[in-house]
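Protein chains in written order, with numbering that gives the first Met the number 0: chain G, 0 to 852; chain L, 0 to 202.
One structure below.
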Amino acid sequence: MLKRFLTSITDATNRGVLAHLEWLFNVTSRRPLLVIVVSMVLLALSGISIATTRFESDIFKLFPSNQGPLKLFLDSLKWSGGAQDAYFILEGDKERLIAEGERFAGRLTALRVDGEPAFRKVTYRTFDPAEAQPFADFVGYAVTHPQLFVSPGEAGRIAEHLTPAAMAGSLEKARAELASQAGMGLRDIVAADPFSLRDLILPRLKKASQALDLDTTSPYFLARDGRVLIIIAEPARPVQDMVFARKLVAGINDARRGATVTITCTGAHLAAVLDEAAVKGNVISCVLSSLVVVLLLFYLTYRRFLPTLLIPLILFCGVVLALGTAGLFLSSISLISFAFTALIIGLGTDYSIHIYDRFHSERSAGRDTNGALRLAVVDTGHGVFTAAATTAFPFLALTISDVRALSELGLLVGLGVIFSLYATFLFLPPLLLFSERRFPAAVYKPLPRFGLGRVWDGCGRRPRPVITASMAIIVLLLVSAFFIRFEGDLKNLQPRHSEAFQAQEKIEQHLSLSPKQMLVAVEGRDLGDVMARGGRVEKIVERYVQSGQLVSFSSLGQVVNDRESQTEVLAAMTGPLASRRLAESATDALAKAGFDPASFEGTIAGLACLAKARPVPPAEAIERIERSPLRGVVTRHLMQGDGSYHLLFYLNYRGSEFPQQAFLKELAAVDPAARATSTDLVSGQLAGSVKKSFLWGFLLGGGMVLFLLLSHFASLADIFNSLFPVVAGVIAMLGLMALTGMGINFMNAMVLVTILGMGSDYGLHVVHRVTGAAENERREQFVQSGRAVLLSALTTIAGFGSLAFTDYGALSSIGWATNYGVAATMLFALLALPAFLEAGRRRMLRKNGDAPA
Amino acid sequence: MKKILILLLITFNVTAAPAQAVPDRKALEGLEVLRRGFAELTDFTAEITQEKHLALMKQKMVSRGMIRFRKPGTFYMELYPPHGSRLLMQDNVLSIRLTDQGTIDRMVLPPEQSLTKWMAFLSRPITTLPEGMGVKGVLQGNSWTVHILPAGTGGVKELQITFDLEGRIKRLAIEERNRDRTVIRFTSMRRNVGLKEKDFRLN
């Protein structure tokens, strides 16, 4: 029943494909002008589609960012405006760094784009002397509202600071400060806080404001080792405005020209513009180098000028039609996806090779032009058609991926393969006919055999040892494949020599508080509620810090107490102060120390109220901090966006000693709406997406390949033989990756799917030609198809190989993985498959009662 | 902040800032005398008496102490107890230690305020007066007094520096906009005494 069903599918498919190929042959050989006109119209339509497509340089949009840790990460960049900012890393001698930093900051401030200032704000100092008064005002507020700012654990020290003896000691210090040369700057602070209560408040604020590990004694954003300085600049216009961003980058490049220290620039969006030229250069060099290698291979093998020249046209059509069609489905296409062009060069040439090889071989064997072309288009074309479908469908199956990097590449390569195939079928026959008419005396010399005849003979004589050796190699590589590791670190996918990447590395190396950081967000519309929920989260986090699982953390709760913590502080503070007459004590102490109490009226009045203090809404404290030079504490930890407050916690950790999943569980228990993100969580999310995409892609792509092979071949033995090289190739690819220290990452995982389609072609072509031939023609058919397979593999390697040498870890890993897979599949198809075919033939003969030859 | 330094820096800034349209001859002359006095020394040391009139205090604060300076950019100032403190500025790195409390504060000033930079200006003759501040020079007997009045809304209203015909500073006065006032008198000034590294220690 099943066999009958499969046979009917096979027959129907084969009849359909053959009829389609016959029609293509007839149309292209009889009405070439019509073919050219229709093609031109399609190309023009594609051009219009491409012209209306937006090309995206934002790398974040390559990944699924509508949920999970990546969404929070991108949200936080959006709320803070951090994605817009430009970060300048100055690196060099400590002596030169500050002077150069000042000079460069001045240039950035003066930089103009289209006559307008290029940057809204350039920040390079931690303290602006003009803000001394607002700082003193804040200190005055904070020391008279200690319940808001003093840590509950230190609340007892408030009363200790306000004993007569402690007051006298503080005033002695104040006198020494005022007498010293720092006195002028400290006068307003002493007036606001003569009893040094700020010692209980400011260290806490300072700690919370530290996003980076900076030299706290320097007024600049200077690393502790003094070798790196950071300048942060806020561009005047959104850097997604590419015209502005390009001019801005040109201005930045001018500003840093002649600097005596190294200045690198980064920023979430600006990085794309900074690296734009490098990306374009990378993609263009990939495309050109692979094109040159492919054309050379073709020309050196076939020594025909016109077919060689036709290949770029076929590839151009494949690329333009693919982009034009993709533009109908996608609102924008990533610039990085242009790397697909290199893959089309590798894959799209295969069809010209197979069809031309057959035509050339038939002509050199003496067949007439029409007969040779018909065999090439219809007979070889049948195999080519199935092979292209087995290549295209697994790529197209990747479009189900929610990782845009994969789905976009899958769509473009899948379409590119199909259009290259049709461009070959449509343009090659008319060109060959034209060539025959134009150069009737052309001689078709026998083509190089690349030793394939000897390989066939060797396998034919001793199939068993070849099969045994092949199986042994496969088993060894299979064992090695089990040791392959998964690389979850996104850094490895970035361009190593990119300026933005290197700047990030420098920040990490010189300025990061800990190797890793997790961001936790507690969100809501009511600030009081958000702060209260934040307080509960804070308790969990503190426990992790105390147990050593976290290095440290920073949050607004470390600076501003919620109502619960304020109650704790008040309980510890008001008891001891209740029996004291603070106003009188303070006035006495000031008078005794030679101060004029009248100058401290506000502070004395504030202290008098401490014994009866009540909780204060945290919003009031936040508003006060925002008005002071310490506003960075608030802007870093409390953001507003989408009509909500977002309270952020920064958790610093080293690595695996922080049990993230256990923490997330606890977090969900105290606040189910809280969100978290970290590089580990983002990697995990992407790994999950890729895994899902891979699984579905594998099932869909593998299913399609299997279906196409089932409908192409009549026997299971043929299907096994055609699949053997690719299965062995995949095992070899994984084994070789493990042996050479490569891991599977988010990008090269797709090769596991696409190699099925690309690699199954090789077995398919050989099996199609050899099993379809008479006994005495099998050797010649193997040589012909093997030569085409060899050239196809080499052109594919040329296409992907160019990727292997790009600076982008993502593309490079795809290039290497594919090259391993394609090379191994080709070797198994050419060196081992003949042995399997021979063994199969002998088995059949034995089954039929004939003795093997 | 750091009154002595501010005085020194603003004084030196006079030599570096853009020129006024009509220069005050006396001011130029006085500044040139001061400049020459600095140009000819490699180091100096002096005893000081500081008087501070602060709105926060009922009475003026009087401190005694000493200062040391060595080219190209090391400055030390010590106030003796009570209310003792030590200040050390090496180029643009400033450290202050409160003697009794034992606390040390350290900060790095912007490079335009580094001593080395200002000393470099003293190598050039002063021919013009700066914009952005008023400068007056008065010669009385053997003493010059230069009045520097910074424009704008900064803390310092006026600086007065009094020195002899050889550019030896005798008195500094700083008047702030909030009416706080500091006067420092220099005595026993000795120049080119060969100060060593050990003379510039906070501890």
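Ideal Cβ positions, reconstructed from N, Cα and C, are used throughout, including at glycine.
CA nearest to the CA of residue i, picked from the options
i, options, result
"residue 240 of chain G", "G:23, G:752, G:53", "G:53"
"residue 426 of chain G", "G:214, G:797, G:376", "G:376"
"residue 61 of chain L", "L:69, L:136, L:180", "L:180"
"residue 202 of chain L", "L:76, L:24, L:47", "L:76"
"residue 75 of chain G", "G:734, G:644, G:772, G:818", "G:644"
"residue 770 of chain G", "G:712, G:786, G:737", "G:712"
"residue 17 of chain G", "G:176, G:356, G:313, G:382", "G:382"
"residue 148 of chain G", "G:517, G:619, G:300, G:161", "G:619"
"residue 193 of chain L", "L:39, L:69, L:38", "L:69"
Beta-carbon neighbours of residue i, restricted to chain G and to distances below 7 angstroms
i, result
"residue 54 of chain L", "598"
"residue 76 of chain L", "180"
"residue 82 of chain L", "174, 175, 178"
"residue 100 of chain L", "172, 175"
"residue 201 of chain L", "The premise fails here: residue 201 of chain L is roughly 12 angstroms from chain G at the closest Cβ pair, so nothing lies under 7 angstroms."
Residue i versus residue j - alpha carbon distance
i, j, result
"residue 20 of chain L", "residue 170 of chain L", "Legend: pLDDT at residue 20 of chain L = 40, less than 50; position of this residue unreliable, no value from coordinates given."
"residue 66 of chain G", "residue 522 of chain G", "15 angstroms"
"residue 648 of chain G", "residue 673 of chain G", "11 angstroms"
"residue 113 of chain G", "residue 106 of chain G", "16 angstroms"
"residue 580 of chain G", "residue 563 of chain G", "27 angstroms"
"residue 172 of chain L", "residue 182 of chain L", "4 angstroms"
"residue 370 of chain G", "residue 428 of chain G", "12 angstroms"
"residue 360 of chain G", "residue 831 of chain G", "24 angstroms"
"residue 407 of chain G", "residue 206 of chain G", "45 angstroms"
"residue 290 of chain G", "residue 354 of chain G", "19 angstroms"
"residue 804 of chain G", "residue 823 of chain G", "19 angstroms"
"residue 118 of chain L", "residue 202 of chain G", "36 angstroms"
"residue 519 of chain G", "residue 110 of chain G", "37 angstroms"
"residue 4 of chain L", "residue 273 of chain G", "Confidence in residue 4 of chain L is poor, its pLDDT being 43 and thus under 50, which makes the residue's placement too unreliable to answer from."
"residue 710 of chain G", "residue 8 of chain G", "6 angstroms"
"residue 781 of chain G", "residue 825 of chain G", "13 angstroms"
"residue 115 of chain L", "residue 143 of chain L", "25 angstroms"
"residue 362 of chain G", "residue 248 of chain G", "59 angstroms"
"residue 623 of chain G", "residue 140 of chain G", "8 angstroms"
"residue 423 of chain G", "residue 315 of chain G", "11 angstroms"
"residue 19 of chain G", "residue 435 of chain G", "25 angstroms"
"residue 4 of chain G", "residue 773 of chain G", "27 angstroms"
Rounded distance between the beta-carbons of residue j and residue i, thought under 8 angstroms
i, j, result
"residue 724 of chain G", "residue 454 of chain G", "Contact flag wrong, Cβ pair sits at about 14 angstroms."
"residue 552 of chain G", "residue 650 of chain G", "5 angstroms"
"residue 745 of chain G", "residue 193 of chain G", "So it is not a contact: roughly 60 angstroms between Cβ atoms."
"residue 48 of chain G", "residue 327 of chain G", "6 angstroms"
"residue 432 of chain G", "residue 28 of chain G", "6 angstroms"
"residue 88 of chain G", "residue 229 of chain G", "6 angstroms"
Partners in chain G for residue i, counting only beta-carbon separations shorter than 8 angstroms
i, result
"residue 97 of chain L", "172, 175, 176, 179"
"residue 23 of chain L", "Neighbours of residue 23 of chain L on chain G: none; closest Cβ ~27 angstroms, over 8 angstroms."
"residue 159 of chain L", "None at all; the shortest Cβ gap to chain G is about 16 angstroms."
"residue 70 of chain L", "Going along chain G, no residue has its Cβ under 8 angstroms from residue 70 of chain L, so there is no contact; the nearest lies around 18 angstroms."
Within chain L, the residues that residue i reaches when beta carbons sit closer than 9 angstroms
i, result
"residue 138 of chain G", "Chain L residues near residue 138 of chain G: none, gap ~15 angstroms exceeds 9 angstroms."
Beta-carbon neighbours of residue i, restricted to chain L and to distances below 7 angstroms
i, result
"residue 282 of chain G", "Those within 7 angstroms of residue 282 of chain G in chain L number zero; the least Cβ separation is about 43 angstroms."
"residue 156 of chain G", "Those within 7 angstroms of residue 156 of chain G in chain L number zero; the least Cβ separation is about 17 angstroms."
Residue i: contacting residues in chain C (beta-carbon distance under 9 angstroms)
i, result
"residue 593 of chain G", "No chain C appears in the structure shown, which is made up of the protein chains G and L."
Interface partners of residue i on chain G, CB under 9 angstroms
i, result
"residue 198 of chain L", "Here the premise fails: no neighbours, minimum Cβ distance about 18 angstroms."
Interface partners of residue i on chain L, CB under 8 angstroms
i, result
"residue 190 of chain G", "55"
* Can we say the region 557–575 of chain G touches the region 149–159 of chain G, given the rule of at least three CB pairs closer than 8 angstroms? -> yes
* Stretch-stretch touch, CB-based, cutoff 8 angstroms, three pairs: the region 465–480 of chain G with the region 674–683 of chain G -> no
* Okay, do the region 383–400 of chain G and the region 702–721 of chain G touch, 3+ Cβ pairs below 8 angstroms being the bar? -> yes
* Just checking, does the region 793–807 of chain G make contact with the region 287–305 of chain G on the three C-beta pairs under 8 angstroms criterion? -> yes
* Asked: At a cut of 8 angstroms, does the region 400–414 of chain G reach the region 324–338 of chain G through at least three beta carbon pairs?
  -> yes
* For the region 33–45 of chain G against the region 320–333 of chain G, are there 3 or more C-beta pairs whose distance is under 8 angstroms? -> yes
* Asked: Taking one C-beta from the region 574–592 of chain G and one from the region 541–549 of chain G each time, how about it: are there three or more such pairs within less than 8 angstroms?
  -> no
* Is the region 25–38 of chain L close to the region 51–65 of chain L, with three or more CB pairs under 8 angstroms? -> no
* To do: For the region 716–736 of chain G and the region 833–843 of chain G, state whether three or more C-beta atom pairs, one from each stretch, are separated by less than 8 angstroms.
  => yes
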